[in-house]
Structure formats: C-alpha cells, structure tokens
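This report refers to the structure that appears directly beneath it.
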Amino acid sequence: MENSAFSTLEKTFLILLSFFPFINGMTFVYMGSKESNRNWIIEGFVYELPWILLFLFVYNDDFGTTLAGFALLFMFLCILRTIYVSFTYKKDIGSSSGQMVKKSSFFDKFHTFLQSLVFLVKMGYNILDL
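Take the sequence shown: its letters are residues 1380 to 1509, numbered as in the working numbering.
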C-alpha cells in the first residue's frame, strides 16, 4: 500500500506546492496538521515569514531586496526539506497509533523518489504538449 498511485500522487503534489513562491511553507503546515507534528507547523510558518514581511515592506528598496533574498533562500530550503520529509517518512497504515515511521531501506526511498521524478517529467511534457 505504501507505493500506491495515490500516495505517490500525494507526495508529488506536496512537492509541487513547495515550488510556488507564496504558499511553499503551507506544505509543512498541511503535513504537520495531518500528522499532529507541531514542529512541522512552526517550520511552515517560518518558511512563510519572509514572504509576509516582503508584502509589508515591498516599497522599501533596501529592506525589500534583502527580504526577497531571504524569501528565495527559504523557498529553496523548503523545497529540499519537503522532498526529504515526503520521501523519508510514511504513514504506517496498519497501525492504529497514526505515528510517523521511518522507511527501512535506502532502496525504498530511492525508488519512491524516482517514481515521483518520472511522474513530474511526464506531467511537464503533457503541459508542454498542450
């Protein structure tokens, strides 16, 4: 059940959301609320903080440029962290506790990563064909 099409699609969708500039931190807020992980919720808001401050200080050239740099850096970190979290952890469907469990082998992680990468490439080609 762990390598089902739905779980691959969900992981891919969360990774795709992290590529959008103003909502990238919301992926961690979503994952944290889904898994009852308060640290991920806080991390999501930290990734969103530079974007919120950038909107507030957009007309201040020096401070706005600095905030834009931090926002892009945090966006890049959020993308990497989302990929890491979505491929390192899985929901243990068989247990009633609902806690996150680490995958056992590197091969499983790499296989899931390749499946999502192939899915993203195919989706990109389909968009370009339109």
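Note that beta-carbon positions come from the ideal geometry of N, C-alpha and C, so glycine has one too.
Rounded to the nearest angstrom, the gap between the Cα atoms of Ile-1420 and Val-1408 is 4 Å. Taken through DSSP and simplified to helix, strand or coil, Pro-1429 comes out as helix.
Counting C-beta atoms within 10 angstroms of its own C-beta, Val-1464 has 16 or more neighbours from the protein chains shown and is therefore classed as buried. If you check the CB distance, Thr-1406 and Ser-1495 do not come in under 9 Å.
Of all alpha-carbon atoms in Gly-1411, Leu-1432, Leu-1451, the one lying nearest the alpha-carbon of Phe-1399 is that of Leu-1451. In chain order, Leu-1433, Phe-1436, Val-1437 place their CB closer than 8 Å to the CB of Gly-1443, counting only its own chain and leaving out the 5 sequence neighbours on each side. Ile-1402 sits close to Leu-1396, with the two beta carbons spaced by under 9 Å. The beta-carbon separation of Phe-1455 and Pro-1429, rounded to 12 Å, does not stay under the 8 Å limit for a contact.
CA-CA distance, Thr-1461 to Asn-1439, rounds to 31 Å.
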